[in-house]
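*Asks:*
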Amino acid sequence: MDDLTKDRVEQLLNYIMKKCLWQFNSRAWDRRKQNAGILGQTAQLLCGETPVHETANDKCYWVDAVLLAREYRARFPWINELSHDEIKALIKALHERLDFLTIDGSLNEELTVQHY
């Protein structure tokens with residue numbers, strides 16, 4: 000990943016870490032599912048696509064994705080200049096980084112408690 004992409008991922012991640020409460024779900028599988036749902040739909044919205052809402056969770060993720068896409072467009076004007084392929088690659092890198100920080104690299108042992 001080049002330096003510009005790393006910087007952009009960190010800008011987007013910083014916004015999530017400071018402003019989005021959904022990142023604090025209490026179980027690893029919930030975090031993984033919501034990260035995929037919210038960031039996947041955010042990428043679709045940023046690319047002008049319409050996400051499908053087949054489940055209640057999809058609808059919930061869509062609400063957070065709408066707000067996140069709106070804030071990303073307003074706070075990071077450079078995102079509006081990216082192609083759809085660049086947006087999807089950027090959000091994929093963001094998703095990987097977020098999963099690492101909030102799940103795979105987390106020292107929070109409560110995330111893996113089976114009876115929680």
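For what it's worth, numbering that gives the first Met the number 0 labels the leading residue of the sequence shown as 0, then goes sequentially.
A virtual CB, placed ideally from N, CA and C, is assigned to each residue, including glycine.
1) Quick check on DSSP: helix, strand or coil for Phe75?
2) Going by other Cβ atoms of all chains shown within 10 Å of its Cβ, with 16 needed for buried, is His94 buried or exposed?
3) Report yes or no: do the segment 56-63 and the segment 72-86 share at least 3 C-beta pairs separated by less than 8 Å?
4) Rounded to the nearest angstrom, what separates Leu44 and Asn107 at their Cα positions?
5) With 8 Å as the threshold, decide whether the Cβ of Trp61 is near any Cβ in chain B.
6) To the nearest angstrom, how far is it from the Cα of Val62 to the Cα of Glu70?
7) If you check the beta carbons only, do Ala42 and Lys87 fall under 8 Å apart?
*Replies:* With the structure as the only source:
1) Residue state, collapsed to three classes: coil.
2) Flag for His94 reads buried.
3) Segments in contact, no.
4) The alpha-carbon atoms of Leu44 and Asn107 are separated by roughly 32 Å.
5) Reference to chain B is not applicable here, since this structure consists of a single protein chain.
6) Distance between the alpha carbons of Val62 and Glu70 is about 13 Å.
7) In this structure, the beta-carbon distance from Ala42 to Lys87 falls below 8 Å.
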